[in-house]
Amino acid sequence: MKKIIEKFINQVESRNKNEPEFLQAVTEVAETVIPYIVKNDIYYGQNILLRMVEPERVISFRVAWIDDYEQIQVNRGYRVEMNSAIGPYKGGLRFHPSVNLSILKFLAFEQIFKNSLTTLPMGGGKGGSDFNPRGRTDTEVMRFCQSFMTELFRHIGPNRDIPAGDIGVGSREIGFLFGQYKRLKNEFTGVLTGKGVTWGGSLIRPEATGYGVVYFAEKMLEFQNKSIRGKKVVISGSGNVAQYAAEKVIKLGGIVISMSDSTGFILDKEGINIEKLNYIMDIKNVKRKRINEYISKFPKAEFHENRSPWGIKCDIALPCATQNELTHLDAKKLIDNKCICVCEGANMPSTPEAINLFHKNKILFAPGKASNAGGVAVSGLEMAQNSLRYNWSRKEVDEKLRTIMNDIHESCLIYGKSENYVNYVKGANIAGFVKVADAMLAQGVV
Ligand code: NDP
Numbered sequence: 041m042k043k044i045i046e047k048f049i050n051q052v053e054s055r056n057k058n059e060p061e062f063l064q065a066v067t068e069v070a071e072t073v074i075p076y077i078v079k080n081d082i083y084y085g086q087n088i089l090l091r092m093v094e095p096e097r098v099i100s101f102r103v104a105w106i107d108d109y110e111q112i113q114v115n116r117g118y119r120v121e122m123n124s125a126i127g128p129y130k131g132g133l134r135f136h137p138s139v140n141l142s143i144l145k146f147l148a149f150e151q152i153f154k155n156s157l158t159t160l161p162m163g164g165g166k167g168g169s170d171f172n173p174r175g176r177t178d179t180e181v182m183r184f185c186q187s188f189m190t191e192l193f194r195h196i197g198p199n200r201d202i203p204a205g206d207i208g209v210g211s212r213e214i215g216f217l218f219g220q221y222k223r224l225k226n227e228f229t230g231v232l233t234g235k236g237v238t239w240g241g242s243l244i245r246p247e248a249t250g251y252g253v254v255y256f257a258e259k260m261l262e263f264q265n266k267s268i269r270g271k272k273v274v275i276s277g278s279g280n281v282a283q284y285a286a287e288k289v290i291k292l293g294g295i296v297i298s299m300s301d302s303t304g305f306i307l308d309k310e311g312i313n314i315e316k317l318n319y320i321m322d323i324k325n326v327k328r329k330r331i332n333e334y335i336s337k338f339p340k341a342e343f344h345e346n347r348s349p350w351g352i353k354c355d356i357a358l359p360c361a362t363q364n365e366l367t368h369l370d371a372k373k374l375i376d377n378k379c380i381c382v383c384e385g386a387n388m389p390s391t392p393e394a395i396n397l398f399h400k401n402k403i404l405f406a407p408g409k410a411s412n413a414g415g416v417a418v419s420g421l422e423m424a425q426n427s428l429r430y431n432w433s434r435k436e437v438d439e440k441l442r443t444i445m446n447d448i449h450e451s452c453l454i455y456g457k458s459e460n461y462v463n464y465v466k467g468a469n470i471a472g473f474v475k476v477a478d479a480m481l482a483q484g485v486v
């Protein structure tokens, strides 16, 4: 089996040189899915995984725009349309200087499995740009978004490809992107999700990824007769996912003691309550400042510059910032400190070595493609509401989100449960694979 997997990875590597993040994501899936394929005649010999790792389409384009000093700036825009076997391409747009094809292909590949797990009919895609919104004025961000959409609009549509937000793309950017799409197409359609609630957005969409992560963690703990109540929780990041994960943890009686951003982490041993969290939301979403502002308001807290929070003693860790932010050394610290559950909010935040350590030590570990699927799930619900021209209430959407997260947990159990441990990575990969593979088989070699 090892040889078959190695051969497959070598084949993918030779065609995708210099794409380490993409190879990392493919390797993780191959290691769990290939043994399943080999055991199941209907998939064996069909080269399904080899077809899945090849994007159906990759679009790369120039984004030229003029900054506030009348200087011409040039960025690179992308859309990776990875797989449309079970529905139109769906996945976020990321604006961050680190964006390149390897990162977007890993995200688009993960998105195939994640979207499949949601039980909704959505294919996998991802896009973005190396544009950095940090330090840019609102008018500069608007001009960039307008230029970006002036090319992207011809490749997307409510039945073709429906982008959403991701790192660096929040409600402000979605607004500018949607405005330009509408102007170019002269039609009001649900082409983007994460829209404002007064113009087609779904209630609970901003909260969905963070809430979903905590619903999933709750389910994992419940399966072991434990709960979040009274548990100390460390969260990395302080963006969209981290903020609403923190809110849900607090509401369920957990104690959030740390949050972070790319400059370092804050530690508040008394716990970050809702009032303090509102302050963080104001710092990050309105003032667009750094997390260390927190200690000027709450001086009993500490700020640790340029460090990640994984050395803090905690029961639950929710990595909600970015890929590969939790290494095997971090995993070791968490295990030594008796952490019982790691539930990913970000995409691929734990390195493969860290995941191996969690598995070896029987830590409850959920991969992002399962635990952070709540965001895209509610995006799917936003698409449904747009088609129906109808809005569901907050309670209705939250209940649907909870049901979807519970269903994803069940799917992980079907394929990942053994006698005394649940391997959620294996469970999520195989459950996500089966639905897409069946559709691909039915649709022939395309
Ligand atoms: P945001 O841009 O709102 O927040 C990102 C947070 O992560 C910020 O606090 C940012 O710090 C921090 N961060 C970014 N890069 C680094 C880095 N290299 N080192 C340390 N911290 C970093 O993004 P989201 O919250 O939307 O996304 C976070 C993660 O969740 C991503 O992996 C994303 O793909 C994933 N995700 C998001 C979904 C969504 O619905 N938004 C859905 C599913 C997954 P700073 O403010 O300093 O930049």
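Residue numbering for the sequence shown follows the numbering used here, beginning at 41 and increasing consecutively. All C-beta atoms, glycine included, are put in the ideal place defined by N, C-alpha and C.
In this structure Gln51 is exposed. Its beta-carbon is surrounded by fewer than 16 other beta-carbon atoms within 10 angstroms. Between the beta-carbon of Arg330 and that of Gly294 there is about 25 Å, and that puts the pair past the 8 Å contact cut. Under a 10 Å Cβ-count criterion, Ala482 is classified as exposed, with fewer than 16 other Cβ atoms of the shown protein chains found around its own Cβ. Residue pairing by DSSP puts Val296 in a beta bridge opposite Val273.
In the structure shown, Asn280 falls within a helical segment according to DSSP collapsed to helix, strand and coil. In this structure, Ile214 keeps its C-beta atom at 8 Å or more from the C-beta atom of Thr362. Assignment of Leu160 by DSSP, reduced to helix, strand and coil, places it in the coil class. Shortest gap from the CB of Gln363 to any heavy atom of the ligand NDP: under 7 Å. Of the candidates Arg176, Leu144 and Gly131, Gly131 places its Cα closest to the Cα of Ser156.
Per DSSP, reduced to three states, the secondary structure at Gly252 is helical.
At least one heavy atom of the ligand NDP lies less than 7 Å from the C-beta of Val281.
Per DSSP, Phe473 is not a residue of any beta strand (DSSP E); the alpha helix (DSSP H) it occupies stretches across Tyr464 to Ala482. With 16 or more other Cβ atoms from the protein chains shown falling within 10 Å of its own Cβ, Ser298 counts as buried.
Non-local C-beta neighbours of Phe473 in its own chain, meaning closer than 7 Å and more than five positions away in sequence, comprise Val73 and Phe153, ordered along the chain. The C-beta separation of Glu422 from Thr233 comes to about 4 Å, placing the pair in contact by the 8 Å criterion. Of the other Cβ atoms in all chains shown, fewer than 16 fall within 10 Å of the Cβ of Met41; this residue is therefore exposed.
Residue environment analysis places Pro95 among the buried positions, since at least 16 neighbouring C-beta atoms fall within 10 angstroms of its C-beta. Using a Cβ distance threshold of 8 Å, Ile244 and Val418 count as a contacting pair.
Assignment of Cys381 by DSSP, reduced to helix, strand and coil, places it in the strand class.
Between the alpha carbons of Val103 and Phe343 lies a distance of about 37 Å. Nearest to Arg328 by C-alpha distance, out of Gly127, Arg116 and Pro173, is Pro173.
In the three-state DSSP reduction, Phe263 falls in the coil class, being neither helix nor strand. Close CB contacts of Asp108 within its chain, under the 7 Å cut and outside five residues either way in sequence, are with Thr177, Thr179 and Glu180 (chain order).
Counting along the chain, Met122 sits inside no alpha helix (DSSP H); it lies in the beta strand (DSSP E) bounded by residues Ile112 to Asn123. In this structure, Gly414 sits away from Thr159, with a CB-CB distance that is not shorter than 8 Å. Looking at the backbone, the Cα of Phe48 and that of Gly241 are separated by about 42 Å. By the Cβ neighbour-count rule, Arg434 is exposed, with fewer than 16 other Cβ atoms within 10 Å of its own. Sorting Ile45, Asn265, Trp105 and Met122 by C-alpha distance to the C-alpha of Ile99 places Met122 at the top. Val103 carries a strand assignment under DSSP once its states are collapsed to helix, strand and coil.
Per the coordinates, the alpha-carbon of Tyr221 lies some 33 Å from the alpha-carbon of Val485. Between Lys378 and Trp350 a beta carbon distance of about 13 Å is seen, past the 8 Å cut, so the two are scored as non-contacting.
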